Amino acid sequence: MSDLLRAPAEIKYAEELDWLESIDDGPKPFSWRLSPKMVRLFILGSERADALDREVSQKWFGDRSFVERSIVTLASDRGLLLIGDPGTGKSWLAELLSAAICRNSTLVVQGTAGTTEDHIKYSWNVSMVIAKGQSRESMIPSPIMTAMEAGAIGRFEELTRSTSDVQDALISILSEKYISVPELESGGGDDNIVFAKPGFSIIATANSRDRGVNDLSSALKRRFNFVRIPVVTNKKSEAEIVRFRTEELLRRHAIDLDVPPTLLDVLLQSFADLRASAAAAGSDDEKLESALSTAEQIGVLEDAVLHSNFFGERALTARTLASSLVGSLTRREPEDLAILNKYLHGVVEPRSKEQGGSWPEFLEGGRDAIATLS
226 MSDLLRAPAE
236 IKYAEELDWL
246 ESIDDGPKPF
256 SWRLSPKMVR
266 LFILGSERAD
276 ALDREVSQKW
286 FGDRSFVERS
296 IVTLASDRGL
306 LLIGDPGTGK
316 SWLAELLSAA
326 ICRNSTLVVQ
336 GTAGTTEDHI
346 KYSWNVSMVI
356 AKGQSRESMI
366 PSPIMTAMEA
376 GAIGRFEELT
386 RSTSDVQDAL
396 ISILSEKYIS
406 VPELESGGGD
416 DNIVFAKPGF
426 SIIATANSRD
436 RGVNDLSSAL
446 KRRFNFVRIP
456 VVTNKKSEAE
466 IVRFRTEELL
476 RRHAIDLDVP
486 PTLLDVLLQS
496 FADLRASAAA
506 AGSDDEKLES
516 ALSTAEQIGV
526 LEDAVLHSNF
536 FGERALTART
546 LASSLVGSLT
556 RREPEDLAIL
566 NKYLHGVVEP
576 RSKEQGGSWP
586 EFLEGGRDAI
596 ATLS
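Reading the sequence shown from the start, the letters are residues 226 to 599 in our numbering.
Shown next as C-alpha cells:
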C-alpha cells in the first residue's frame, strides 16, 4: 500500500475488512462479503455496545439513517443515487459501501459531457478485431459490464453531468439486468448477451448544484432510490470530520507537525461565518464562488499543513492558515477578494480585539494574503 498515491478503501482497510469477515455470522444478501450490519459497522465505526474484541474506526460522518437506507437499497434490485452539494462525502460513502460489499470500489465511470455509451457498456480492441474479428476476446467491457459479470457494485460518478443518451443507456441495464451485444452472432446460445449476476447494483452520485445541466428522466429516476446527503452543519460533526482527515493527512505524508486544536476551531468558525454571510447575501456577486463545503475546509487545512511542513517552522500557525484560506477560496478576482476583505474587517477584526488568542495573527495573515493577491 505504501507505493500507492491513494489506496482504495478495500486496500486501505483490508486488514479490518478481513477481520470483520471472519467474525461475521449475519445473513448476507447475494454474494456480499459482509452482512448489512457489518457493512454499517465498517462505515460508521464500532460502539461499546457492539462488544467487539477491537475497535473499528468511523470512516464516514453523517446520519446513521443515510447509511442504513443506502445498504437496504443495495440489498434490493434497485440502483442507489446519492445526491447532495459538493463536498458532502457522496463519493467517499459510495467507495466505502462498494469496498465493504464486494471488496472492489474501482469499477467506476466518471460522468462528463464526453462520456459515451461505450463507457458504460463496451468497446472493442481494434487490433484484435482486425486480426480475428469481433468476439468476446476482442471486446473491452466497461466497468459497469465488469461489475455485472462479477455480481459486484458499479459506480457512476456525477451522473447528471453525462448526456441524456448515456443516462438512457442505464435504464435498460437497471431494468433488464443485461447488456445486449448485437455485433456478436448468437450461435443458439447467449454469447451476444451479458447477464448480471446476483449482487450487481449501481451506486450513482449527483451534484445538487448541477440541476438543469442534464436532468434525469422520469424513467431513470424510478429505477433509483434517492438518498440526499445534506451539508454538515453540526459543528461537532464537522470538527470530527476535519480532525479525522487531518490525522489521515499527517499519516499519509509521514509528517510530524503540531496542529493546535485552537487553530482547528478558528478554521471551523471562519467557514461558519462565511456560510452565514453567503446565506444572507442578496446576489451571487456577494457570495464566494466556493461552495464552502467540509471538503474545501479540509483542502484549506491540507494546504496550510503542507506549507508549514515544507516552508514553515514545522508547526501550523494562524498566519499560514489565513493565507491558505484566502488563497484557496479566491477564485474570482476582484469579487472574492472583496468578500474576504469585508469578512476580515467586519468580523475577524472585532473578534480579534474581543477574544484575542489566534485571531489577531489570523487577521494579519489574511490581510497580507489579500494584499499579495490584489
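All residues carry an ideal CB built from backbone N, CA and C; glycine is no exception.
Since the model is a prediction, treat every value here as computed from it, not as a measurement.
*beta strand (DSSP E) runs wholly inside the region 445 to 512, at least 3 long, in chain order*: 449 to 454
*What residues are listed by DSSP as bridge partners for Thr430?*
Position 205 of the sequence shown holds residue 430. According to DSSP, Thr430 bridges with Leu307.
*Could you work out which residue in Val391, Ala501, Gly336, Leu492 is closest to Ile523 when comparing CA atoms only?*
For the purposes of this step, residue 523 is identified with residue 298 of the sequence shown, where counting begins at 1. Here the closest residue by C-alpha is Leu492.
_Neighbourhood of Gly437 by C-beta, 8 Å cutoff - its chain only, sequence neighbours within 5 removed_ = By one-based count along the sequence shown, residue 437 stands at place 212. Residue placement at Gly437 cannot be trusted, given a pLDDT of 48 that sits under 50; the coordinates are not used to answer.
*Sorted by chain position, which residues of the same chain lie with C-beta nearer than 8 Å to Gly413's C-beta, five sequence neighbours on each side aside?*
Here residue 413 is taken as the residue at index 188 of the sequence shown, counted from 1. The predicted model places Gly413 with a pLDDT of 47, which falls under 50 and marks its position as unreliable; any figure quoted below should be read in that light. Contacts found: none.
_Please classify Thr519 as buried or exposed, where buried requires at least 16 neighbouring CB atoms within 10 angstroms._
Your numbering for residue 519 matches position 294 in the sequence shown. Result: buried.
*Below 8 Å between beta carbons: does that hold for Gly590 and Ala540?*
Locating residue 590 in the sequence shown gives position 365, where the first residue counts as 1. Locating residue 540 in the sequence shown gives position 315, where the first residue counts as 1. Going by C-beta atoms, Gly590 is not nearer than 8 Å to Ala540.
*Out of Glu579, Leu531, Glu362, Asn329, point me to the one whose CA is closest to Arg476's CA.*
Residue 476 sits at position 251 when you count from the first residue of the sequence shown. Among Glu579, Leu531, Glu362, Asn329, the Cα nearest to that of Arg476 belongs to Leu531.
_With H, G and I counted as helix, E and B as strand and the rest as coil, what does DSSP make of Tyr347?_
Taking the first residue of the sequence shown as position 1, residue 347 is located at position 122. Three-state DSSP puts Tyr347 in a strand.
*Under three-state DSSP, which class holds Ser363?*
On the sequence shown, position 138 is the one that residue 363 refers to. Correct three-state label for Ser363: coil.
*Trp349 and Gln359: beta carbons closer than 8 Å?*
Numbered from 1 along the sequence shown, position 124 holds the residue referred to as residue 349. Numbered from 1 along the sequence shown, position 134 holds the residue referred to as residue 359. Their beta carbons are under 8 Å apart, which means Trp349 touches Gln359 by this criterion.
_Collapsed DSSP secondary structure at Gln283 in the structure displayed_ = To locate residue 283, count along the sequence shown from 1; it is residue 58. Note: Gln283 maps to coil in three-state DSSP.
*asked:* Just to confirm my understanding: we take Ser363, look at its own chain, exclude 5 residues before and 5 after, and list those with CB closer than 7 Å. What are they?
replied: Numbered from 1 along the sequence shown, position 138 holds the residue referred to as residue 363. Excluding sequence neighbours, Ser363 sits near Trp349, Asn350, Met353, Val354, Lys357.
_What ranges does the alpha helix (DSSP H) occupy inside the region 537 to 561, keeping only unbroken runs of at least 4 residues that lie completely in it?_
543 to 554
*Going by other Cβ atoms of all chains shown within 10 Å of its Cβ, with 16 needed for buried, is Lys284 buried or exposed?*
Counted from its first residue, the sequence shown places residue 284 at position 59. Buried, since its Cβ has 16 or more Cβ neighbours within 10 Å.
*Leaving out five residues before and five after Gly424 in sequence, what residues of the same chain have Cβ atoms less than 6 Å from its Cβ?*
On the sequence shown, position 199 is the one that residue 424 refers to. Same-chain partners within the cutoff: Phe255, Ser256, Gly376.
_Using only CA atoms, which one of Gly314, Lys237, Leu299, Ala300 lies nearest to Ile466?_
Mapped onto the sequence shown, residue 466 falls at position 241. Measuring from the Cα of Ile466, the nearest candidate turns out to be Gly314.
*Quick one: Cα of Glu473 to Cα of Gln580, how far?*
Here residue 473 is taken as the residue at index 248 of the sequence shown, counted from 1. Here residue 580 is taken as the residue at index 355 of the sequence shown, counted from 1. Using only the alpha carbons, I get a separation of about 31 Å.
*Leaving aside the five residues before and after Gly571 along the sequence, list all residues of the same chain whose C-beta is less than 6 Å from its C-beta, in chain order.*
Taking the first residue of the sequence shown as position 1, residue 571 is located at position 346. Nothing listed; no residue qualifies.
*For Asn534, I'd like the list of residues in its chain whose CB is within less than 6 Å of its CB, leaving aside the five on either flank, ordered along the chain.*
In the sequence shown, the residue the question calls residue 534 occupies position 309. Around Asn534: Ile480, Leu482.
_Exposed unless 16 or more other CB atoms sit within 10 angstroms - verdict on Ala300_ = Position 75 of the sequence shown, counted from the start, is the residue given in the question as residue 300. Buried: at least 16 other Cβ atoms inside 10 Å.
*asked:* Going by the DSSP bridge assignment, what does Glu382 pair with across the sheet?
replied: As a working mapping, residue 382 is identified with position 157 in the sequence shown. Glu382 is bridged to Gln335.
*Contacts around Ser316, its chain only, beta-carbon distance under 7 Å, and the 5 residues preceding and following it disregarded*: Counted from its first residue, the sequence shown places residue 316 at position 91. Cβ neighbours of Ser316 beyond the five flanking positions: Glu382, Thr430.
*Could you tell me which of Leu550, Arg544, Asp509 sits nearest to Glu527, measuring between CA atoms?*
For this step, residue 527 is matched to residue 302 along the sequence shown. Out of Leu550, Arg544, Asp509, Leu550 has the C-alpha closest to the C-alpha of Glu527.
*Check Thr597 in the structure and name its three-state DSSP category.*
Residue mapping note: residue 597 aligns to position 372 of the sequence shown, counting from 1. Looking at Thr597 - three-state DSSP - the assignment turns out to be helix.
*Closest by CA to Leu513, which one among Asn566, Ala543, Thr542, Pro485?*
Here residue 513 corresponds to residue number 288 of the sequence shown, with the count starting at 1. It is Asn566.
_Less than 8 Å between the beta carbons of Pro368 and Gly379, yes or no?_
Position 143 of the sequence shown, counted from the first residue, corresponds to residue 368. Position 154 of the sequence shown, counted from the first residue, corresponds to residue 379. A contact, by the Cβ cut-off of 8 Å.
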